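Novice: Quick one: the structure is below, questions incoming.
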Amino acid sequence: MKDLLEAHTPPVGRLGRGHKGLYDTINNSIHFQLGLALASLGVITSLVAQHMYSLPAYAFIAQDFTTQAALYTHHQYIAGFIMTGAFAHGTIFFIRDYNPEQNEDNVLARMLDHKEAIKSHLSWVSLFLGFHTLGLYVRNDVMIAFGTPEKQILIEPIFAQWIQSAHGKTSYGFDVLLSSTNGPAFNACQSIWLPGWLNAINENSNSLFLTIGPGDFLVHHAIALGLHTTTLILVKGALDARGSKLMPDKKDFGYSFPCDGPGRGGTCDISAWDAFYLAVFWMLNTIGWVTFYWHWKHITLWQGNVSQFNESSTYLMGWLRDYLWLNSSQLINGYNPFGMNSLSVWAWMFLFGHLVWATGFMFLISWRGYWQELIETLAWAHERTDDNLSLVWV
Numbered sequence: 148m149k150d151l152l153e154a155h156t157p158p159v160g161r162l163g164r165g166h167k168g169l170y171d172t173i174n175n176s177i178h179f180q181l182g183l184a185l186a187s188l189g190v191i192t193s194l195v196a197q198h199m200y201s202l203p204a205y206a207f208i209a210q211d212f213t214t215q216a217a218l219y220t221h222h223q224y225i226a227g228f229i230m231t232g233a234f235a236h237g238t239i240f241f242i243r244d245y246n247p248e249q250n251e252d253n254v255l256a257r258m259l260d261h262k263e264a265i266k267s268h269l270s271w272v273s274l275f276l277g278f279h280t281l282g283l284y285v286r287n288d289v290m291i292a293f294g295t296p297e298k299q300i301l302i303e304p305i306f307a308q309w310i311q312s313a314h315g316k317t318s319y320g321f322d323v324l325l326s327s328t329n330g331p332a333f334n335a336c337q338s339i340w341l342p343g344w345l346n347a348i349n350e351n352s353n354s355l356f357l358t359i360g361p362g363d364f365l366v367h368h369a370i371a372l373g374l375h376t377t378t379l380i381l382v383k384g385a386l387d388a389r390g391s392k393l394m395p396d397k398k399d400f401g402y403s404f405p406c407d408g409p410g411r412g413g414t415c416d417i418s419a420w421d422a423f424y425l426a427v428f429w430m431l432n433t434i435g436w437v438t439f440y441w442h443w444k445h446i447t448l449w450q451g452n453v454s455q456f457n458e459s460s461t462y463l464m465g466w467l468r469d470y471l472w473l474n475s476s477q478l479i480n481g482y483n484p485f486g487m488n489s490l491s492v493w494a495w496m497f498l499f500g501h502l503v504w505a506t507g508f509m510f511l512i513s514w515r516g517y518w519q520e521l522i523e524t525l526a527w528a529h530e531r532t533d534d535n536l537s538l539v540w541v
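Laid out in structure tokens, this is it:
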């Protein structure tokens, strides 16, 4: 393996010395190995979440919708934590185990050299997705509010629909490959290698190939926003872990450190750990969108009411009214006297638990770094003020 890596010659001028030094670098760093393993496992876990409901291996799963929802949510959350953990250990590798001499001008060194370009490209993608997706949702909200739903901007996911059609989905009318009744692929599919596939894929009561439209297009881009922003924060934390313009000697402070005082112009919340901490919340937020989308799409499918999702998922009020509030109506009615019943106490306990959880977000703004910088800034200012009120700070 070492000979293979060392002998690899990258395209001229593109990747420097390529993979030279990587073999020893990886083998001498447990964190590098763990990061690679976690990245692989995280992706696999997310794929498991996708395939356990769409291609169920057991007949029971295909019939039990609660099990499908539980397995999907379970595996997506696990995938999120594992994938963020991969970045955490990759970052620790850069701080503790990375050797600049051993990796001179190879792919790792060149990645660090080009970190500004990497971060700016990810920033651009995140900003583009955020502004355009939210802009479309809000514009559609306004059109609905004005009573002109026909003026919504509804973009069909034609490329994804074409791929589904090529695999046999006939409802889009693309007439290509397996959806073309005149083609040899269609006839071979029926008689030779995939008996029953076309019937299954065009039956709208299962999750094999879900019919997609403008609502799916929008929510996929919203999810892409969350994924790219999470990645941006994690990548920035990793690439800046050894040092930045503000703090060139950051690697000497380790993975996590508190504020370094106001002398540098403010170093609060810039450790690699802080980036990981922030990214975890973006990850959780994104998986919330993923599971909400999956759930609403499927409950309308299971109830035989797919038009509700298709019509209401193109604007934010539709998501709030027809998914969140409608399906939480029993809980919401636990607040008023008309909703009083034997389940009300449990509804209040549920709400109280979420109140406690949400109150914890207060500490996101007032955690250690923020207050420490405030106090140290005051101390620094007092010690440099030439007046009789100067205090001695221990």
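Read left to right, the sequence shown gives residues 148 to 541 (my numbering). Note that beta-carbon positions come from the ideal geometry of N, C-alpha and C, so glycine has one too. Fair warning: this is a prediction, and the values are worked out from it, not measured in the lab.
1) Identify, in the order they occur along the chain, each residue of the same chain with its Cβ nearer than 6 Å to the Cβ of Ala196, setting aside the five sequence neighbours on each side.
2) How long is the line joining the alpha carbons of Val254 and Leu502, rounded to whole angstroms?
3) Near Thr433, which residues of its chain fall below 7 Å by C-beta distance, leaving aside the five closest residues on each side in sequence?
4) Give me the Cα-Cα distance between Gln450 and Arg389, rounded to the nearest whole angstrom.
5) Does the separation of the CB atoms of Thr231 and Leu448 fall below 8 Å?
6) Identify every run of the alpha helix (DSSP H) within the region 249-318, keeping only runs that are complete inside it and at least 4 residues long; order them along the chain.
7) Excluding sequence positions up to five away, which residues of its chain have a Cβ less than 7 Å from the Cβ of Asn287?
8) Within the chosen definition, does the region 259-271 reach the region 347-361 through at least 3 CB pairs nearer than 8 Å?
9) Per DSSP, what kind of secondary structure is Gln450 in: helix, strand or coil?
10) Considering Cα atoms alone, identify which of Ala347, Trp429, Leu283 and Ala335 is closest to Gly362.
11) Taking the C-alpha atoms as reference points, what is the distance between Tyr424 and Leu169?
12) With distance defined between alpha-carbon atoms, name the residue in Asn351, Asn353 and Leu325 nearest to Pro342.
13) Going by beta-carbon coordinates alone, are Leu308 and Phe321 separated by less than 8 Å?
14) Pick helix, strand or coil for His155, following the three-state DSSP scheme.
15) Provide the residue span of the alpha helix (DSSP H) that contains Gly230, from first to last.
16) What ranges does the alpha helix (DSSP H) occupy inside the region 457-494, keeping only unbroken runs of at least 4 residues that lie completely in it?
17) Let's test the definition: count the other Cβ atoms within 10 Å of the Cβ of Gln477 and tell me whether it reaches 16, buried, or not, exposed.
18) Hey, quick one: how far does the alpha helix (DSSP H) through Leu365 stretch, first residue to last?
19) Between the alpha carbons of Gly227 and Leu183, how many angstroms are there, rounded?
20) Using the three-state DSSP reduction, which class does Ser187 fall into: helix, strand or coil?
21) Using the Cβ count rule (16 or more neighbours within 10 Å means buried), how would you classify Tyr440?
22) Whether or not the region 327-338 and the region 390-402 are in contact is what I'm after, with contact meaning three or more pairs of Cβ atoms, one per stretch, closer than 8 Å; do they touch?
23) Within its chain, find whatever has a CB closer than 7 Å to the CB of Ala332; leave out the 5 residues flanking it on each side and keep chain order.
24) Whose C-beta lies closer than 7 Å to the C-beta of Leu151 among residues of the same chain, with five residues either side of it excluded?
25) Thinking C-beta only, is Leu194 closer than 8 Å to Ile229?
26) So, helix, strand or coil for Asp399, using DSSP?
27) Please report the distance separating the alpha-carbon of His198 from that of Pro484.
28) Tell me the DSSP secondary structure of Gly500 in three-state form.
29) Leaving out five residues before and five after Thr172 in sequence, what residues of the same chain have Cβ atoms less than 8 Å from its Cβ?
30) Less than 8 Å separating the beta-carbons of Tyr402 and Thr214?
31) Can you find a C-beta in chain D that's less than 8 Å from the C-beta of Gln215?
32) Three-state secondary structure (DSSP) at Val323?
33) For the candidate residues Lys266, Asn174 and His445, whose alpha-carbon lies nearest to that of Tyr200?
Specialist: This is what the structure gives:
1) If we look at Ala196 and ignore the five residues flanking it on each side, its Cβ neighbours are Tyr219, His222 and Gln223.
2) 47 Å
3) Same-chain partners within the cutoff: Ile370, Gly373, Leu374 and Thr377.
4) Their Cα atoms are separated by approximately 53 Å.
5) Not closer than 8 Å, so no.
6) Counting only runs of 4 or more, we get 254-260, 262-292 and 305-313.
7) Gln299, Ile300, Thr461 and Tyr462
8) no
9) coil
10) Among Ala347, Trp429, Leu283 and Ala335, the Cα nearest to that of Gly362 belongs to Leu283.
11) Taken atom to atom, the span from the alpha-carbon of Tyr424 to that of Leu169 is near 29 Å.
12) Leu325
13) According to the sequence provided, residue 308 is Gln. The question's Leu does not apply to it. Closer than 8 Å, so yes.
14) If DSSP states are grouped into helix, strand and coil, His155 belongs with coil.
15) Correcting the residue type first, residue 230 is Met in the shown sequence and not Gly. Note, Met230: alpha helix (DSSP H), Phe212 to Ile239.
16) 476-480
17) exposed
18) Pro361 to Leu386
19) Approximately 15 Å between the Cα atoms of the pair.
20) In this structure, Ser187 counts as helix in the three-state DSSP scheme.
21) buried
22) no
23) Leu324 and Leu325
24) none
25) No; because the gap between Cβ atoms is not below 8 Å, this pair is not in contact.
26) helix
27) 44 Å
28) helix
29) Phe179, Asp244, Tyr245, Asn246, Gln249, Asn250 and Leu255
30) no
31) Looking at the structure shown, chain D is missing, and only one protein chain is on hand.
32) Residue state, collapsed to three classes: coil.
33) His445
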